[in-house]
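When the letters of the sequence shown are read in order and numbered with the working numbering, they come out as residues 37 to 277.
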Amino acid sequence: MPVRALKGYEKTDGTLSYSIVCVISGGERKEKDFLRELIRQKELRSLRVAFVSKEGQGLQPYQMEAIWAAIRQSGEVALANQHYQLDEMDKVFLLSDVDEFYDQLVKISNESDNQEAAQWIVSNPCFEIWLYYCFKNDPETDLESLKSSDAAKRSQEMKHLGNTLVPGGLNPLRAFEQMAEGIAHSREHYAEDEQRIPLLYATQMHEMAQYLINTMNRTANEYNEFIQRKQAWREKMKRKD
């Protein structure tokens, strides 16, 4: 879907310049957990995420499009504890599942203005396929049952499969630490139809993940250093056990 870079300028909190990304998400829980490190700003400071969704319910693509239109009109992103001006944003992503929303996504894609400064990131059947690629890389075998599932029920089946394929399930916090693997696996299996909608087992999340990594690593290799600290901490915990 069309994308154009937003007008950006260097922002600073007094000690460190940072980028701001707005994420308008159809899903509210797993997506937010995946981005938690960039929302809460405890260890990673070079990139901030303003996360927009609907608590407890999520959003359909049409609703996400309406929110983005309202943000463009008002010129700001208003969250419970923070307000951002639109011209502060370096990038805007809209995350959607295919699920039963295929027709909505096709219509939005066909009607999108080439000047809209936002990028749709679509996953088929749902965001969990991205989490899967952060841990594993054999969807044709592991996720074969999705092919025979009704399109509207594939997300539910995907969530069930995730809990059986990976010990502890498709943990979005751990997936954030394994984005490099997810990017490689997602690219390997990416395919889309004639309407430019990802086919089953395909997600565009590798595009967003690569942007996040590149942006963080521009500041003292921040993401890679974060991963090394996490790995060292886990090794230390294993030795204690």
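Cβ atoms here follow ideal geometry from the backbone N, Cα and C, with glycine treated the same way. From a predicted model like this one, the values you see are computed outputs, not experimental measurements.
Straight through space, the alpha carbons of R72 and G63 are spaced by roughly 14 Å.
Within 10 angstroms of the beta-carbon of Q109 lie fewer than 16 other beta-carbons, which makes it exposed. From the listed residues M125, L131, L80 and D139, the smallest Cα separation to I60 is found for L131. Around the Cβ of M125, a 10 Å sphere holds 16 or more other Cβ atoms; the residue is buried. Buried is the label assigned to H221, since at least 16 other Cβ atoms lie within 10 Å of its Cβ. The alpha carbon of C58 has as its nearest neighbour, out of D123, L80, K66 and Q93, the alpha carbon of D123. About 11 Å separates the beta carbons of M241 and W156, which is beyond the 8 Å limit, so they are not a contact pair.
Within 10 angstroms of the beta-carbon of N146 lie fewer than 16 other beta-carbons, which makes it exposed. When the Cα atoms are used, S53 and M244 turn out to be separated by approximately 21 Å. In the three-state reduction of the DSSP assignment, K90 falls in the coil class, being assigned neither a helical nor a strand state.
By the Cβ neighbour-count rule, Y98 is exposed, with fewer than 16 other Cβ atoms within 10 Å of its own. By the Cβ-count criterion, R275 is exposed, with fewer than 16 other Cβ atoms from all chains shown falling within 10 Å of its own Cβ. Judged by beta-carbon spacing, A86 lies within the 9 Å limit of V113, meaning their Cβ atoms are closer than that value. Taking every protein chain shown into account, the CB of L80 has 16 or more other CB atoms within 10 angstroms, so this residue is buried.
The C-alpha of Y226 is placed about 12 Å away from the C-alpha of N173.
E64 carries a coil assignment under DSSP once its states are collapsed to helix, strand and coil.
Excluding residues up to 5 positions away in sequence, S132, V134, L141, I233, P234 and Q240 lie with their Cβ nearer than 7 Å to the Cβ of V158 in the same chain. Ranked by Cα distance from E258, the first of A238, L74 and K272 is L74. Inclusion of F137 and K66 in the CB contact set at 9 Å is not warranted, their separation being larger than that value. For Y54, the secondary structure class from DSSP, reduced to helix, strand or coil, is strand. Annotation for G94: G62, G63 and E64 place their beta carbon closer than 7 Å to its own, counting only its chain and skipping 5 residues before and after.
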